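Residue numbers (the working numbering): 8 to 348.
From the three backbone atoms N, C-alpha and C, an ideal C-beta is built for every residue, glycine too.
Here the structure is a predicted model, which means the values were calculated and not measured.
A short worksheet on the structure shown next.
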Amino acid sequence: REFYYNDAGAQIDNLTRSVQLRCKGVTPDDPSWPEAGYRGDYIADVARAYLACETVESDDQKTTGKGDVDDVVAIRHFAVAYLRREQDLDLRAFNVEFDVFSLESALYSEGKVDETVSRLIASGHTYELDDALWLRTTDFGDDKDRVMRKSDGGYTYFVPDVAYHLEKWRRGFVRVINEQGADHHSTITRVRAGLQALDVGIPRGWPDYVLHQMVTVLKNGEEVKISKRAGSYVTLRDLIDEVGCDATRYFLAARHPDSQLVFDIDLAKSKSNDNPVYYIQYAHARISTVLEAWGGERLSLLQADVGLLDSGYETALLQQLIDYPQVIEVAAQDLAPHLIA
């Protein structure tokens with residue numbers, strides 16, 4: 008499992024500028040605060056930690072704040088590391104581990120983005136128009152061509168994604184499943200088109216994608232308004248602290264990723280049959296009691312009187328148990344764990 012971290016681009020520039028302003032004592036209420044700046048209290052937390060020269064450690068790196076409010080590079084590096092640590096803590100609480108961490112910034116510093124762009128130009132699938140470099144993605148089924156390099160010289164969002172996946176292909180990843188937010192939907196065709204234009208043997212339709220819709224959180228019957236830029240949001244750890252890891256994992260896995268999910272905190276905490284997690288845990292406890300009473304002696308099963316299982320409920324349950332291996336197989340093939348949940 009690999010975590011690809013977008014630590015470059017316009018949003019990271021906005022993050023850096025927001026933290027720097029907080030370091031200088033400027034608040035979001037100040038007229039000089041940029042419209043695209045991040046306003047949440049967590050930005051102030053990052054700024055305080057940077058000024059205090061704290062050390063933050065994530066799964067693959069350790070960073071110490073310099074405290075210099077004018078060192079934009081140091082602020083950027085620290086802010087990214089700080090938020091990466093927060094993500095690591097969320098993932099650990101969620102019992103999810105990654106084997107490899109890849110950084111978008113490394114693709115730039117190691118020249119892989121420039122190399123990919125050079126290869127695309129050499130492929131003959133690009134052209135210059137209005138001081139920008141375009142990729143002729145319509146050659147590969149897109150509804151219109153896409154800008155790769157803007158007039159200001161910066162690359163658009165999907166270009167480093169193409170470079171990342173080219174590098175991943177070179178590392179031998181024949182099957183790739185990207186888990187991303189639904190707001191990345193528009194980049195799928197562009198990334199796949201870029202990979203096809205490179206003509207390095209990557210099959211059409213590679214990589215696979217699982218896109219997740221945003222989660223709506225309800226508490227006390229009211230929706231918790233979520234806006235990362237405004238600073239109002241719920242972290243995964245917040246949910247786990249409220250309802251526990253098992254319940255959080257279940258509710259997130261129990262619906263198709265491309266469907267809207269309303270996470271009702273009060274329901275997830277309730278001890279009633281309306282709460283599927285409670286119902287499953289209750290059923291598990293009852294089944295465990297039956298298995299304990301049985302004792303594991305298989306010969307006794309051959310002597311059991313199956314004629315006693317004659318109600319419609321029992322017949323339906325037995326049929327579901329017969330079908331269950333096939334359900335598991337389909338869930339794995341279709342990347343659909345909700346079929347099991």
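Comparing alpha carbon positions, the residue from V80, E9 and D66 closest to V26 is V80.
The continuous beta strand (DSSP E) containing L140 extends over residues A139 to L142.
According to DSSP, G188 shares a beta bridge with H219. When secondary structure is reduced to three states using DSSP, E135 falls in the strand class. With respect to the 7 angstroms criterion, Y164 and N185 are not classified as neighbours on the basis of their beta carbons. A check of alpha carbon separations from A100 across R92, L243 and A15 identifies L243 as the nearest. In the structure shown, the three-state DSSP call for T62 is strand.
In this structure, the alpha-carbon of E104 lies about 13 angstroms from that of Y11. Under the three-state reduction of DSSP, K226 is assigned to strand. Listed in chain order, the alpha helix (DSSP H) runs fully inside the region 229-295 are 243-250, 252-260 and 272-276, counting runs of at least 4 residues. Residue state for V207 is assigned as coil, using DSSP reduced to three classes. Boundaries of the beta strand (DSSP E) harbouring E9: E9 to Y12, taken from the DSSP string. Look at V198 here: in three-state DSSP terms it is helix. Rounded to whole angstroms, the gap between the alpha carbons of A54 and T62 is 13 angstroms.
For G118, the closest alpha carbon among the candidates V231, Y171 and Y240 is that of Y171. Secondary structure of F180 (DSSP, three-state): coil. Close CB contacts of Q267 within its chain, under the 6 angstroms cut and outside five residues either way in sequence, are with Q220 (chain order). Distance from Y134 to R126 at the Cβ level is roughly 15 angstroms; contact not present, criterion being Cβ atoms closer than 8 angstroms. The region 221-231 and the region 193-212 do not touch, with fewer than 3 CB-CB distances between them shorter than 8 angstroms. Here W301 is exposed, its C-beta having fewer than 16 other C-beta atoms within 10 Å. With fewer than 16 other beta carbons inside 10 angstroms of its own, V334 counts as exposed. If you compare the alpha carbons of T34, V224, A311 and A204 with that of I128, the shortest gap goes to A204.
With respect to the 7 angstroms criterion, E111 and D14 are classified as neighbours on the basis of their beta carbons.
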